[in-house]
Amino acid sequence: MSIVASVLEVAPSDPGEAAIAQTVKVLEGGGVIALPTDTLYGIGCALDCAEAVDRIHAMRGIDAVRRPLTFLLPDLGEVARWAKITGNSYRVLTRIFPGPYCVELGASPRVPNPYLNPERNTIGVRIPDYPLCEKILWRLGRPILTATAKARDGQVLTTAADINAEFGNELDLILDAGPLSGPPSTVVSLVDDWVQILREGRGPASRVIMT
Numbered sequence: 636m637s638i639v640a641s642v643l644e645v646a647p648s649d650p651g652e653a654a655i656a657q658t659v660k661v662l663e664g665g666g667v668i669a670l671p672t673d674t675l676y677g678i679g680c681a682l683d684c685a686e687a688v689d690r691i692h693a694m695r696g697i698d699a700v701r702r703p704l705t706f707l708l709p710d711l712g713e714v715a716r717w718a719k720i721t722g723n724s725y726r727v728l729t730r731i732f733p734g735p736y737c738v739e740l741g742a743s744p745r746v747p748n749p750y751l752n753p754e755r756n757t758i759g760v761r762i763p764d765y766p767l768c769e770k771i772l773w774r775l776g777r778p779i780l781t782a783t784a785k786a787r788d789g790q791v792l793t794t795a796a797d798i799n800a801e802f803g804n805e806l807d808l809i810l811d812a813g814p815l816s817g818p819p820s821t822v823v824s825l826v827d828d829w830v831q832i833l834r835e836g837r838g839p840a841s842r843v844i845m846t
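To convert, take the position in the sequence shown, counting from 1, and add 635; that gives the working numbering.
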C-alpha cells in the first residue's frame with residue numbers, strides 16, 4: 636500500500652499552536668486522522684462527518700451498528716452533554732477521568748442515531764489524560780469519534796510508521812507521538828448505575844469499584 640498520508644510529529648504535553656490548528660482544520664474539513672492517546676493510537680474524525688465515519692468503519696472492517704465509535708471528550712461537562720450521568724455514575728467518573736478508561740453510558744437525546752448502540756441506546760466515552768487530545772477537542776468544539784488503530788488482521792498498530800504502512804492512502808493526517816504499545820483502556824459499563832468491568836486494561840479496576 637502506498638504511503639501517502641501527511642505525518643506531523645507532535646509533543647503530547649506541548650504540541651504547539653501550529654499542530655493544533657492543522658489538526659482541527661483537517662477534522663473540520665471532514666478528514667480522518669490517526670491520533671495518539673494515553674493508551675494507544677486511534678483513528679478518528681469529527682462528530683457529524685458521516686462520510687468520515689463510514690471511512691473509519693471500512694478501514695477497520697467493523698460493523699457500524701454493532702460497534703459504534705467511541706466519543707473522545709475533553710471533560711465531564713462535555714460528557715454530560717452527550718450521555719446520561721446519575722449520582723453513582725458521576726462519583727465513579729470523577730475518580731477515573733481523565734484517564735485510561737472507556738465508559739459505556741446511556742446516550743443523551745442529542746446523540747444522532749448512527750453514533751449510538753441502537754440495542755442498548757448507549758455510547759462509549761473517553762477523557763484521555765493527554766494534553767494533546769484535550770487541546771484538539773476544545774479547539775474543535777465537538778467530540779471526536781474514534782476506534783483503536785488496528786490493522787485489518789486485528790493487530791494493534793503501535794507507531795505512526797505502522798499506521799502509515801497500513802492506512803497511508805486512507806488517512807488525511809497522522810499525528811506522530813512516538814511508539815504507543817498500550818495496554819488498551821479499561822472498559823466499564825455504568826448504564827443504569829450498574830457498575831461492570833467489561834475489559835481490564837491500563838486503568839486499575841480498583842479505582843472503579845472502590846466505595
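C-beta atoms are modelled at their ideal positions from N, C-alpha and C, and glycine is treated no differently.
Strand pairing of residue i, partner residues [DSSP]
i	result
Ala669	Ile678 and Ile809
Gly759	Glu739
Leu780	Cys680 and Phe706
Asn752	Thr757
Ala718	Ala742
Contact check, residue i vs residue j, beta carbons under 8 angstroms
i	j	result
Ala654	Leu643	yes
Gly666	Ala687	yes
Val760	Phe706	yes
Arg777	Leu704	no
Pro818	Arg837	yes
Leu767	Val659	no
Ile762	Leu833	no
Gly722	Arg787	no
Arg690	Glu835	no
Asp828	Ser724	yes
Tyr750	Ile758	yes
Leu728	Val746	no
The alpha helix (DSSP H) enclosing residue i, as first and last residue numbers
i	result
Ser820	From DSSP, Ser820 is part of no alpha helix (DSSP H); its letter is neither H nor E.
Ile697	Segment: none, Ile697 is in no alpha helix (DSSP H) and carries neither H nor E.
Leu728	Gly722 to Ile731
Pro766	Pro766 to Leu775
Helix, strand or coil at residue i [DSSP, three-state]
i	result
Ile832	strand
Val645	coil
Thr793	coil
Gly838	coil
Gly712	helix
Lys785	strand
Phe802	helix
Ala653	helix
Ala640	coil
Val843	helix
Residue span of the beta strand (DSSP E) that contains residue i, given as start and end
i	result
Val826	Element bounds for Val826: n/a, residue is neither H nor E.
Tyr736	Tyr736 to Gly741
### Message
Would you call the segment 808-826 in contact with the segment 667-687, where contact means no fewer than 3 C-beta pairs closer than 8 angstroms?
### Response
These segments touch.
### Sufficient close CB pairs (3 or more, under 8 angstroms) joining the segment 780-793 to the segment 674-694
With a cut-off of 8 angstroms on Cβ pairs, the segment 780-793 is in contact with the segment 674-694, counting three or more such pairs.
### Query
Looking at C-beta atoms only, is the number of pairs between the segment 817-833 and the segment 730-739 that lie closer than 8 angstroms three or more?
The segment 817-833 vs the segment 730-739: in contact.
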